[in-house]
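As given, the protein sequences belong to chains A and B, one line each in that order. The first sequence begins at 14 in this note's numbering and counts up one residue at a time. The second sequence begins at 53 in this note's numbering and counts up one residue at a time. All C-beta atoms, glycine included, are put in the ideal place defined by N, C-alpha and C. As the structure is a prediction and not an experimental result, all values here were calculated from the model. Written out below as structure tokens is the structure these notes cover.
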Amino acid sequence: DIQMTQSPSSLSASIGDRVTITCRASQSIGRYLSWYQHKPGIAPNLLIFAASSLQSGVPSRFSGSGSGTDFTLTISSLQPEDFATYYCLQSYSSPLTFGGGTKVEIK
Amino acid sequence: QVQLQESGPGLVKPSETLSLTCTVSGGSVSSGSYYWSWIRQPPGKGLEWIGYISYSGNTNYNPSLKSRVTVSVDTSKNQFSLKLSSVTAADTAVYHCARGVGSSYPDYWGQGTLVTVSS
């Protein structure tokens with residue numbers, strides 16, 4: 014199985030801050046990497062697919078980059094509704110595997 | 053807008069079979085473009101992909117669960133289902149259903165349903 018290592022596991026940030034979350038794959042996955050936002054009791058929301066493609070309807074302050082083994086999710090200016098847990102997912106090979114998650118909290 | 057909703061018992065006894073159904077609205081499980089997935093999250097832990105099924109019935113399961121998992125699709129009801137046999141407390145989790153873009157990433161998820169395994 015491909016292991017996905019996500020960091021940090023949690024972070025505290027203020028409204029307007031630039032936030033960066035990273036995900037590292039245990040082997041090359043090309044650009045088969047997606048990012049999700051998850052709030053308790055709500056369906057996870059797809060933000061980014063194919064490493065850097067913004068899902069329709071997702072605000073442009075979210076962006077993704079990377080290829081191979083190293084990937085980044087950036088929130089350019091943190092908004093109140095962005096406080097949530099973020100997960101990466103590799104879909105290069107089966108079984109699909111997720112990163113451990115990054116909880117973004119209010120400073 | 054595609055919506056998915058999980059349903060099923062919230063409490064299952066150890067050694068029994070967990071059964072959940074996902075009802076899809078705003079889209080069709082018969083679409084050849086999508087695969088229909090189950091994903092779970094044990095309390096305090098990360099997300100685990102369980103497996104998926106295509107409209108034609110092709111399945112792919114996580115090897116860690118493969119011996120106990122069956123995913124099926126009912127096109128007449130626009131639903132797909134999960135069965136997990138011989139459950140233990142380790143199977144206690146929030147179970148999400150999701151639509152996958154091909155055999156790749158899920159784009160729409162259900163909000164999830166908590167299933168507790170306990171006697």
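For B:P158, the closest C-alpha among the options B:W90, B:Q57, B:S80 and B:G84 is that of B:W90.
For B:G162, the nearest beta carbon of chain A is closer than 8 Å to its own beta carbon. If you compare the alpha carbons of B:T140, B:E100 and B:S71 with that of B:V169, the shortest gap goes to B:T140.
As computed with DSSP, A:I28 is found in no beta bridge at all. If you ignore the 5 residues before and after B:W161, its C-beta comes within less than 6 Å of the C-beta of H148 and A150, all in its own chain and listed in chain order.
The contact set of A:S47 on chain B, defined by CB atoms closer than 7 Å, consists of Y157 in chain order.
Using beta-carbon distances, B:N110 does not count as an interface residue toward chain A, since no partner is under 8 Å. Legend: CB atoms of the stretch 81–96 of chain A lying less than 7 Å from CB atoms of chain B are not found in any residue.
For B:W88, not one C-beta of chain A is nearer than 8 Å to its own C-beta. Contacts between B:P115 and chain A, judged by CB atoms closer than 9 Å, involve D14, S107 and P108 in chain order. Taking a contact to require three or more Cβ pairs closer than 8 Å, the stretch 117–134 of chain B and the stretch 73–91 of chain B qualify as touching. Secondary structure of B:A150 (DSSP, three-state): strand. In this structure, B:C74 lies near B:E58, with their beta-carbon atoms less than 8 Å apart. Between the alpha carbons of A:S25 and A:T87 lies a distance of about 15 Å. CA-to-CA, the gap between B:Q55 and B:T127 works out to about 16 Å.
Considering only A:E118, A:F75, A:Q92 and A:D83, the residue with the shortest C-alpha distance to A:C36 is A:D83.
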